[in-house]
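The numbering of the sequence shown is my numbering, which starts it at 136 and goes up by one. Heads up, the thing below is written out as structure tokens.
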Amino acid sequence: MAPFAKADVIWMNGALVPWDAAQTHVSAHGIQYGTGVFEGVRSYDTGNGAAIFRLEAHMRRLAASAAFYELPLGYSTEELCAAAVEVVRANKLTNAYLRPLAFFDSYSFAIWPRDCPVTIAIIAVPGGQYIQGGPDHGARVTVSTIRRIDASTLPPSVKACGHYTNSVRAVQEAIRRGYDDALMLNTKGDVAEGSGANLFIVKNGAVITNDVDASIVAGITRDAVIQIARDLGMPVVVKPLSLMDVETADELFFSGTAVEITPIKEVDGRVVGDGTPGPLTRRLQASFLDIVRGKVPAYDSWLTRVAR
Ligand SMILES: Cc1ncc(COP(=O)(O)O)c(C=O)c1O
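Structure follows, in structure tokens:
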């Protein structure tokens, strides 16, 4: 991913502040111990202003992640949605990537984050491709030796900052091996997901993905893909995925806010299909892109329009 371009302002603790003023102290609990929660959200140019995709679902998931770590956000989901709209509008963004983030701030070195104040921010920057060329040409992935975190230690569906050291290890290994991203197994040995995206398989005309009990983040894009596939009349199956399922798939793709719908063209040197994005992946991707850009009125409830 290319480095982000600075925006003018960041929403921080209830106010829009200049980018360079949105600072925190190195002693913050969230920096020491990773005790923060976050979201990744995208907005798109509809040709008639920006629209944020499934904003409320993202803010609800942020609230659930925060509740898990007993981190009081101090703002309702409704207030955070309004703040996200405000930060996109104030920065005059259309195609943007938004990063809501809340963490325990500076108070003490005690592990128990008692009495730590909470800092909350929403950053928005111009959006770009997460895996360069991935959505158009497909990504190359490797099966990671790093297993996905398990619910018995850290709940995989909670988007907490510290949990992502797991994904960092996997993606570092993947890049070292010369691939674009990792495919992570769970502790049972089934396939879980990518370092920051859910996995879909296409086999004999069916669209197949795993569920939260496979140690995945319950992706909002995953949920959208399932609905879009059903609406397009494609059979959808939700079941555990084995490595064999991956190796014998007709098509494979990642779904996620950052990667959007990214076809996978190769797994550890094994070419998927004919090595180009498959027909169902292409149909789902085209439909997804039309929906997020506001071209399909039936899905309007997924969009939060940003008034100019
Ligand atoms: C590990 C992981 N899996 C899956 C996803 C996809 O989730 P979503 O579609 O809600 O962005 C993400 C991104 O949030 C992620 O970090």
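Note that beta-carbon positions come from the ideal geometry of N, C-alpha and C, so glycine has one too. Remember, it's a predicted structure, so these values are computed and weren't measured experimentally.
- Message: How far does the alpha helix (DSSP H) with Arg443 in it extend, from its first residue to its last?
- Response: Careful: Arg443 lies outside any alpha helix (DSSP H) and carries neither H nor E.
- Would you decide whether Pro412 is buried or exposed? Buried here means 16 or more other CB atoms lie within 10 Å of its CB. buried
- Query: Phe173 lies in the beta strand (DSSP E); which residues open and close that run?
  - Reply: Gly171 to Phe173
- Compute the beta-carbon to beta-carbon distance between Val276 and Ile399, rounded to the nearest angstrom, for a pair I have assumed lies under 8 angstroms. 6 angstroms
- Item | Helix, strand or coil at Trp146 according to DSSP, with G and I counted as helix | strand
- Task: Determine, using beta-carbon pairs with one atom in the segment 265 to 274 and one in the segment 292 to 308, whether at least three such pairs fall under 8 angstroms.
- Result: no
- Could I get the ranges of all uninterrupted alpha helix (DSSP H) runs contained in the segment 268 to 311, with 4 residues as the minimum, in chain order? 269 to 272 and 300 to 311
- Task: Output yes or no for whether 9 angstroms exceeds the beta carbon distance between Ala198 and Leu208.
- Result: yes
- Task: State the Cα-Cα distance for the pair Met147 and Ala218, rounded to the nearest angstrom.
- Result: 9 angstroms
- Which two residues bound the contiguous beta strand (DSSP E) that contains Tyr210? It is not in any beta strand (DSSP E) - Tyr210 carries neither H nor E in the DSSP assignment.
- Message: Helix, strand or coil for Tyr179? Go by DSSP, reduced to three states.
- Response: strand
- Query: Is it the case that the Cβ atoms of Ala156 and Leu206 are separated by a distance below 9 angstroms?
  - Reply: no
- When we look at the beta-carbon of Val352 and count the other beta-carbons within 10 Å, is it buried (16 or more) or exposed? buried
- Other residues of its chain near Val222: CB distance less than 6 angstroms, five sequence neighbours each side excluded: Trp146, Ile257 and Ala259
- Item | Burial state of Ala231, where buried means 16 or more other Cβ atoms lie within 10 Å | buried
- Message: Just to confirm my understanding: we take Ala137, look at its own chain, exclude 5 residues before and 5 after, and list those with CB closer than 6 angstroms. What are they?
- Response: Gly263
- Query: CB-CB under 7 angstroms to Trp154, same chain, minus the five flanking residues each way: which ones, in chain order?
  - Reply: Lys141, Ala142, Asp143, Val144 and Ile145
- Query: Between Ile187 and Val152, is the Cβ-Cβ spacing less than 9 angstroms?
  - Reply: no
- Query: Cβ of Asn458 within 8 angstroms of any heavy atom in ligand 1?
  - Reply: Past the boundaries of the shown model lies residue 458; the chain is included only from 136 to 443, so the question cannot be answered.
- Task: Please name the residue in Asn333, Ala421, Tyr299 and Pro432 whose C-alpha comes closest to that of Val394.
- Result: Asn333
- DSSP three-state assignment for Arg234, whether helix, strand or coil: strand
- Task: Could you tell me the distance, in whole angstroms, from the CA atom of Val444 to the CA atom of Glu214?
- Result: Lying outside 136 to 443, the shown extent of the chain, residue 444 is not represented and no answer is given.
- For Ser390, name the three-state secondary structure that DSSP assigns. strand
- If you pair each beta-carbon of the segment 283 to 294 with each one of the segment 354 to 370, do three or more pairs fall below 8 angstroms? no
- Quick one: using the 10 Å Cβ neighbour count with 16 as the cut-off for buried, is Met319 buried or exposed? buried
- Message: Within a Cβ cutoff of 7 angstroms, which residues of the same chain sit near His160, ignoring the five residues on either side of it in sequence?
- Response: Ser241
- N- and C-terminal bounds of the alpha helix (DSSP H) containing Pro414: Pro414 to Val427
- Message: With distance defined between alpha-carbon atoms, name the residue in Arg195, Met194, Arg177 and Glu386 nearest to Phe423.
- Response: Arg177
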